[in-house]
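Colleague: Chains A and B supply the protein sequences, listed in that same order.
Using numbering that gives the first Met the number 0, the first residue of the first sequence is number 0, and each one after it goes up by one.
Using numbering that gives the first Met the number 0, the first residue of the second sequence is number 0, and each one after it goes up by one.
I am attaching a structure below and will ask some questions about it afterwards.
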Amino acid sequence: MKNSCLECHTLLPPPMNVDPEQANQDIHTQKGLSCSSCHGGDPSQDDPLRAMDPAKGFRGKITRQQIPKLCAQCHSDAAYIRGFNPSLRTDQYSQYLTSRHGQRLSQGDTRVAVCTDCHGVHGIRPATDTRSTVHPLHVAETCARCHADPEYMKAYGLPTSQFDDYRNSVHHRALAERGDLSAPTCSTCHGNHGAAPPGVAAVEFVCATCHVFQAQLFDGSPHKAAFAVMGLPACVTCHGNHRITEPNDTMLGTGPESLCLRCHTEGDGGYQAAEQMQEQLLGLARAIEQAQQVLDRAEQTGMEVGQPKLELGQARDALTKARVAIHGFQPDRVLAEVQTGLEVARAAQQAGTKALEEYDFRRLGLAISLVLILSVVIGLRLYLKQLEANSQKRSNAS
Amino acid sequence: MRLWRLLRDWLDERFGWAELTAFLRKKTVPRHRYSVWYYLGGITLFLFVVQVCTGTLLLLYYRPSSSEAFRSVQYIMTEVEFGWLVRSIHSWGANLMIFAAFAHMFSVLFLKAYRKPRELTWVSGMLLLLLVLAFGFSGYLLPWNTLAFFATKVGTDIVAQVPLVGDWLKVFLRGGEEVTGATLTRFFGFHVAVLPGLTTLLLIVHLLLVQRFGISVPPSLEAEWQALPPEQREMKFFPNFLLRELMAWYVALGILGALAALAPWKLGTEADPFAPAPAGIRPEWYFLFMFETLKLLPARIWIFEGEQVGVVAFGLAAVVWLLLPFLDGNAAGRRARWITGLGFFALAYMAGMTLYAFLMG
Numbered sequence: 000m001k002n003s004c005l006e007c008h009t010l011l012p013p014p015m016n017v018d019p020e021q022a023n024q025d026i027h028t029q030k031g032l033s034c035s036s037c038h039g040g041d042p043s044q045d046d047p048l049r050a051m052d053p054a055k056g057f058r059g060k061i062t063r064q065q066i067p068k069l070c071a072q073c074h075s076d077a078a079y080i081r082g083f084n085p086s087l088r089t090d091q092y093s094q095y096l097t098s099r100h101g102q103r104l105s106q107g108d109t110r111v112a113v114c115t116d117c118h119g120v121h122g123i124r125p126a127t128d129t130r131s132t133v134h135p136l137h138v139a140e141t142c143a144r145c146h147a148d149p150e151y152m153k154a155y156g157l158p159t160s161q162f163d164d165y166r167n168s169v170h171h172r173a174l175a176e177r178g179d180l181s182a183p184t185c186s187t188c189h190g191n192h193g194a195a196p197p198g199v200a201a202v203e204f205v206c207a208t209c210h211v212f213q214a215q216l217f218d219g220s221p222h223k224a225a226f227a228v229m230g231l232p233a234c235v236t237c238h239g240n241h242r243i244t245e246p247n248d249t250m251l252g253t254g255p256e257s258l259c260l261r262c263h264t265e266g267d268g269g270y271q272a273a274e275q276m277q278e279q280l281l282g283l284a285r286a287i288e289q290a291q292q293v294l295d296r297a298e299q300t301g302m303e304v305g306q307p308k309l310e311l312g313q314a315r316d317a318l319t320k321a322r323v324a325i326h327g328f329q330p331d332r333v334l335a336e337v338q339t340g341l342e343v344a345r346a347a348q349q350a351g352t353k354a355l356e357e358y359d360f361r362r363l364g365l366a367i368s369l370v371l372i373l374s375v376v377i378g379l380r381l382y383l384k385q386l387e388a389n390s391q392k393r394s395n396a397s
Numbered sequence: 000m001r002l003w004r005l006l007r008d009w010l011d012e013r014f015g016w017a018e019l020t021a022f023l024r025k026k027t028v029p030r031h032r033y034s035v036w037y038y039l040g041g042i043t044l045f046l047f048v049v050q051v052c053t054g055t056l057l058l059l060y061y062r063p064s065s066s067e068a069f070r071s072v073q074y075i076m077t078e079v080e081f082g083w084l085v086r087s088i089h090s091w092g093a094n095l096m097i098f099a100a101f102a103h104m105f106s107v108l109f110l111k112a113y114r115k116p117r118e119l120t121w122v123s124g125m126l127l128l129l130l131v132l133a134f135g136f137s138g139y140l141l142p143w144n145t146l147a148f149f150a151t152k153v154g155t156d157i158v159a160q161v162p163l164v165g166d167w168l169k170v171f172l173r174g175g176e177e178v179t180g181a182t183l184t185r186f187f188g189f190h191v192a193v194l195p196g197l198t199t200l201l202l203i204v205h206l207l208l209v210q211r212f213g214i215s216v217p218p219s220l221e222a223e224w225q226a227l228p229p230e231q232r233e234m235k236f237f238p239n240f241l242l243r244e245l246m247a248w249y250v251a252l253g254i255l256g257a258l259a260a261l262a263p264w265k266l267g268t269e270a271d272p273f274a275p276a277p278a279g280i281r282p283e284w285y286f287l288f289m290f291e292t293l294k295l296l297p298a299r300i301w302i303f304e305g306e307q308v309g310v311v312a313f314g315l316a317a318v319v320w321l322l323l324p325f326l327d328g329n330a331a332g333r334r335a336r337w338i339t340g341l342g343f344f345a346l347a348y349m350a351g352m353t354l355y356a357f358l359m360g
């Protein structure tokens, strides 16, 4: 079908230029829409005046303020969208209106993000396309284009360290290094079209979408009420928000890296509980490490320790469960998991020790056998020598 | 001694024992500076007997199904009294037996012991060597561990390259298109019934031929050997040679025990047919020279697939090797020297490619 828009705009200099390759790969072009679907006009006409005739609905350049509404004309029409992609949501515009971006835009701030800032303009790809700017692997970079720019953010008084923090987080590592697309990026916690910072009260629910057990335990813990009274958000008070690093057992307890000591002091119940729980976790981790070392040593000697090694995995599971149980902040609950793990670790270590003892026994058995074999060989050799000497004597005599 | 005499008399009265054993007293074996190579055949036989004994013991606990095989071997190695020893001796014994069989074959080749009238002794021995390799290939899969599973997959894929019957052969060996529990059951059948039956028959023939034609004297030593007085050029088979053989068996037993105790044969991890093949999958050392050659061949040679050309070439080489005595001329002839050269080349090639595979692996 004729498209006179592209015939001219591929030749025009920026900002009027359109890259034809990009335009052809745009999801809208591929679904049969054309320039006129957004800009109006009549692309079948060669005459620019007729092609861009306002009488034929030509809108020309869409202003930033108009963009969300224009996109919503189709993307909020469930019946229309169903014809292209029945599973595509149609609440983006209504969500956008509740977002900080949408709210500020309606107040006349055109510097805030509109649809095209994140999705692109003439080369829009579906979010599932790894080349898309809104694919999970690229969302953080897309947000960072504005939110990591100190100059751009100055007017809003927002920090710009989030992207750098996130890139050092365990979540980013899971997403970018392990390729785990279910790992969180900006939009997972803040929302995409309805992007807004979660409030103090909502943080727990945001984290709970993935960390279900930790959230349940926290709900039943003495910290729930205490945090509420102190106005502290759950989860982020200890773990941080954008720079969430790998948690470790030193975060607990009363050591220099302890987070508990931010609120608890020596002698109070929390201090003792922190000390107890850390001791339990470290004790189990040590037991697992020791069992692993013994089993590795046994394996290196060639002993078959596949089963205890497999079973040691249950101790590791128990350690993970105990670390989750920490979020209930009740030492008894942690101890129950730790005990299970300790029993398995001890059994595995015993199996490893037994295998090493067995190896020593085999070496002793081998030494005895070799002495016996050598004695028999020497005995046979001497017997043969005598036999042949006698035979020689007989032969000489005859 | 009295008891032995009574028993001997009892046997003699009924079966003519003295007559039956008369040949043992008369039988002699040549004695010269290469006599030591004669013991390799006996050592291979001894290791075969060890394999039969340990294999029978393993059968008491081994379960030939994909769901139970690995666990049953694990059980043998950890729970059964001295099960580890039996399994380790069986695994090391298999490798030593194959090594001894190859060494025996090359010693016979270089000492020219295959020449007239011993052509059929060589042919039966070569067939026994092929059977021993088949034992190794079928037995390797039985513990149903990851390495064995994927090595069998690669091995049977190579079999599929045999022209005309390759695909059929692959399906026959695997018991289907893929390596599954059916392959395990099939390999178990080959390993404990078909191959032992054939080997026993062929072994009897081989030993009867050795007995019938005796042990040869290398042509290069014949003149020098003939010049010696009879008591220096021969020894009695019983007890002199047999006791020496017994000493060699004891040494083999010591080596086998040391390997089993100091380096128990590892079991690895249970095979998971749905898991990706781990890196560096390769067959046992005795197939490595062939495997490495096939890997180095280009994808296409003229109009044929490279691997197919390799498989056909190895097949033809095996046929030539089998018929070697019929291709050899007289001892001093040009053809005989060529065959000796070919033997050295084959040995160097096999050792070199095996070493290369280990270094590259």
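Note that beta-carbon positions come from the ideal geometry of N, C-alpha and C, so glycine has one too.
#1: Whose C-beta lies closer than 7 Å to the C-beta of residue 28 of chain A among residues of the same chain, with five residues either side of it excluded?
#2: With DSSP as the reference, label residue 304 of chain B as helix, strand or coil.
#3: Which chain B residues are close to residue 397 of chain A, counting only those with a beta carbon under 8 Å from its beta carbon?
#4: Check residue 299 of chain B in the structure and name its three-state DSSP category.
#5: Taking 8 Å as the cut-off, decide whether the C-beta atoms of residue 244 of chain A and residue 181 of chain A are in contact.
#6: Determine whether the beta carbon atoms of residue 157 of chain B and residue 293 of chain B lie at a separation below 8 Å.
#7: The stretch 373-397 of chain A: which residues have C-beta closer than 9 Å to a C-beta of chain C, in chain order?
#8: Looking at the C-beta of residue 296 of chain A, does it have a partner C-beta in chain B at a distance below 8 Å?
#9: Report all residues from its chain with a CB closer than 8 Å to the CB of residue 237 of chain B; omit the five preceding and five following residues, and keep chain order.
#10: For the stretch 100-145 of chain B, list the alpha helix (DSSP H) runs that are entirely contained and at least 4 residues long, ordered along the chain.
#11: Leaving aside the five residues before and after residue 244 of chain B along the sequence, list all residues of the same chain whose C-beta is less than 7 Å from its C-beta, in chain order.
#12: Quick check: is the beta carbon of residue 92 of chain B nearer than 8 Å to any beta carbon in chain A?
#13: Compare the C-beta of residue 270 of chain B against all C-beta atoms of chain A and say whether one is closer than 8 Å.
#14: Take residue 43 of chain A and list the residues in its own chain whose beta-carbon comes closer than 6 Å to its own, dropping the five residues that flank it on each side.
#15: Is DSSP giving residue 234 of chain B helix, strand or coil here?
#16: Would you say residue 355 of chain A lies against chain B (beta-carbon separation less than 8 Å)?
#17: Are any of the Cβ atoms in chain A nearer than 8 Å to that of residue 243 of chain B?
#18: For residue 372 of chain A, is the classification buried or exposed, using 16 other Cβ atoms within 10 angstroms of its Cβ as the cut-off for buried?
#19: Checking contacts by CB at 8 Å: is residue 430 of chain A closer than that to chain B?
#20: Kindly give me the distance between the Cβ atoms of residue 210 of chain B and residue 307 of chain B, rounded to whole angstroms, as I take these residues to be in contact under 8 Å.
#21: Is the beta carbon of residue 294 of chain A sitting closer than 8 Å to the one on residue 307 of chain A?
#22: Residue 28 of chain B by DSSP, collapsed to three states: which one?
#23: Quick one: which chain A residues come within Cβ less than 9 Å of residue 438 of chain B?
#24: What whole-angstrom Cβ distance do residue 153 of chain B and residue 272 of chain B have, given they're in contact under 8 Å?
#25: Have a look at the DSSP bridge pairing and note the partners of residue 269 of chain B.
#26: Would residue 69 of chain B and residue 277 of chain B be called neighbours here (beta carbons separated by less than 8 Å)?
#27: Can you list, in chain order, the stretches of the alpha helix (DSSP H) that have 4 or more residues and sit fully within the stretch 241-310 of chain A?
#28: How about residue 264 of chain B and residue 143 of chain B: do their beta carbons lie closer than 8 Å?
#29: Would you identify the three-state DSSP class for residue 84 of chain A, choosing helix, strand or coil?
#30: Chain B partners of residue 63 of chain A, CB-CB under 7 Å?
#31: Look up residue 192 of chain B in the DSSP assignment and say whether it is helix, strand or coil.
#32: For a contact meaning CB atoms closer than 9 Å, what does residue 256 of chain B contact in chain A?
#33: Does DSSP put residue 148 of chain A in a helix, a strand or coil?
#34: Using a Cβ-Cβ cutoff of 7 Å, what residues of the stretch 277-297 of chain B are near chain A? List them in chain order.
#35: Specify the secondary structure class of residue 81 of chain B as computed by DSSP and reduced to three states.
#36: Using a beta-carbon distance below 8 Å, is residue 361 of chain A in contact with chain B?
Modeller: Per the coordinate set shown:
#1: 22
#2: strand
#3: Within chain B, no residue comes near residue 397 of chain A; the closest Cβ sits about 11 Å away, beyond 8 Å.
#4: If DSSP states are grouped into helix, strand and coil, residue 299 of chain B belongs with the strands.
#5: Going by C-beta atoms, residue 244 of chain A is not nearer than 8 Å to residue 181 of chain A.
#6: Contact flag set, yes.
#7: Chain labels in this structure do not include chain C; the protein chains are A and B.
#8: no
#9: 23, 24, 26
#10: 118-140
#11: Answer for residue 244 of chain B: 38, 41, listed in chain order.
#12: Between residue 92 of chain B and chain A, the shortest Cβ-Cβ separation is not below 8 Å.
#13: no
#14: 1
#15: Looking at residue 234 of chain B - three-state DSSP - the assignment turns out to be strand.
#16: No, residue 355 of chain A lies away from the interface with chain B (no Cβ there is under 8 Å from its Cβ).
#17: yes
#18: buried
#19: This structure gives no information on residue 430 of chain A, because the portion of chain A shown stretches from 0 to 397.
#20: Incorrect: roughly 42 Å between the Cβ atoms, too far for contact.
#21: By the CB criterion at 8 Å, residue 294 of chain A and residue 307 of chain A fall inside the cutoff.
#22: strand
#23: Because residue 438 of chain B is not part of the residues shown, which for chain B are 0 to 360, the question remains open.
#24: Between residue 272 of chain B and residue 153 of chain B the Cβ distance is about 14 Å, and since that is not below 8 Å, they are no contact.
#25: B:144
#26: no
#27: 268-299
#28: no
#29: coil
#30: None at all; the shortest Cβ gap to chain B is about 50 Å.
#31: helix
#32: 364, 365, 368, 369, 372
#33: coil
#34: none
#35: The answer is coil: DSSP assigns residue 81 of chain B none of H, G, I, E or B.
#36: yes
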